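Residue numbering for the sequence shown follows UniProt numbering, beginning at 1 and increasing consecutively. What follows is a single structure, written as structure tokens, with notes after it.
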Amino acid sequence: MELDLEQFNKSFLLLLVLLNPFILSVYLLDLIRGLDLKVFSGLLLRAFLISLSVFLLFAWFGEVIFDQVLQVRFLAFLIFGGITFLIIGIRLTLGVGSPIQSINLHSQEVAGAIAMPFIVGPGTISASVLAGSRLGAVGGSAAITLAMAAALVSLILLKMLYDWVQTRQERYVRKYVEVAGRITALFTGSFAVDMILKGIERWLALMGSPTAP
């Protein structure tokens with residue numbers, strides 16, 4: 001089976017956009033501030049490996065996981081996931097703390113907390129399902145792995161940049177965090193509403209189908 005490079009690029013870019021390292025750097029700001037580069041990189045690597053295993057599972061089996069294993073419709077996942085991200089977006093807009101600040105930075109739970117819900121979410125899972133349906137198991141896995149690797153390297157580079165800038169121009173770091181936080185809130189909230197609307201649209205289409213129960 002010949003690899004469709006156009007579909008490969010679309011799948012790769014879609015997941016990379018959803019894994020936006022700049023947005024993740026705001027979510028993980030407490031970790032970036034509180035951990036040294038080696039510890040941060042190790043936690044991030046474990047979180048990305050956890051997330052990659054989940055994405056590959058959905059790329060290989062698609063919506064079958066929802067319909068036959070979880071016994072829940074995919075559109076329900078979209079709606080609930082959208083509500084979850086909407087709450088996160090509202091928290092960021094109002095400045096109600098960091099989404100993971102209550103977790104011990106040196107706990108073994110941190111990698112899992114990074115993976116869920118900041119990496120593994122309704123958007124990234126949907127993108128993984130789409131990559132698998134477009135490219136097949138092998139091509140979809142390659143696109144997902146490449147996007148994850150690019151996001152991981154970008155986050156580590158941002159951590160290095162943050163450490164370098166903080167020791168020289170701390171006020172600019174604070175300004176970046178403030179601006180990036182507001183932009184992140186708008187993106188997160190808008191994406192969340194879009195996920196909710198997609199779920200509702202699919203539900204309405206299902207209800208209007210002649211074969212709907």
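Think of the CB as a built atom: it goes at the ideal place given N, C-alpha and C, for glycine as much as any other residue. The model shown is predicted, which means the values in this text are computed figures rather than measured ones.
- Rounded to the nearest whole angstrom, the C-alpha separation of M195 and I90 is 15 Å.
- Within the same chain, Cβ atoms closer than 8 Å to the Cβ of D4 are found at R134, L135 and G139, the five residues on either side in sequence being excluded.
- In its chain, beyond the 5 residues on either side, L16, L19 and P21 have a beta carbon closer than 7 Å to the beta carbon of A151.
- The count of Cβ pairs closer than 8 Å, one atom from the region 119-129 and one from the region 35-54, reaches three, so the stretches are in contact.
- Pairing K10 with K198, the inter-Cα distance amounts to about 20 Å.
- Here the alpha carbon of F66 sits roughly 14 Å from the alpha carbon of L130.
- For S154, same chain residues with a beta-carbon under 7 Å away, outside a window of 5 residues either side, are P21 in chain order.
- With a minimum length of 4 residues, the unbroken runs of alpha helix (DSSP H) contained wholly in the region 9-52 fall at 21-27 and 29-34.
- For I79, the closest alpha carbon among the candidates W203, V26 and G208 is that of W203.
- A Cβ-Cβ distance of about 7 Å is found for the pair G82 and V193, placing them in contact under the 8 Å criterion.
- Within the model, the alpha-carbon separation for I88 versus L94 is close to 10 Å.
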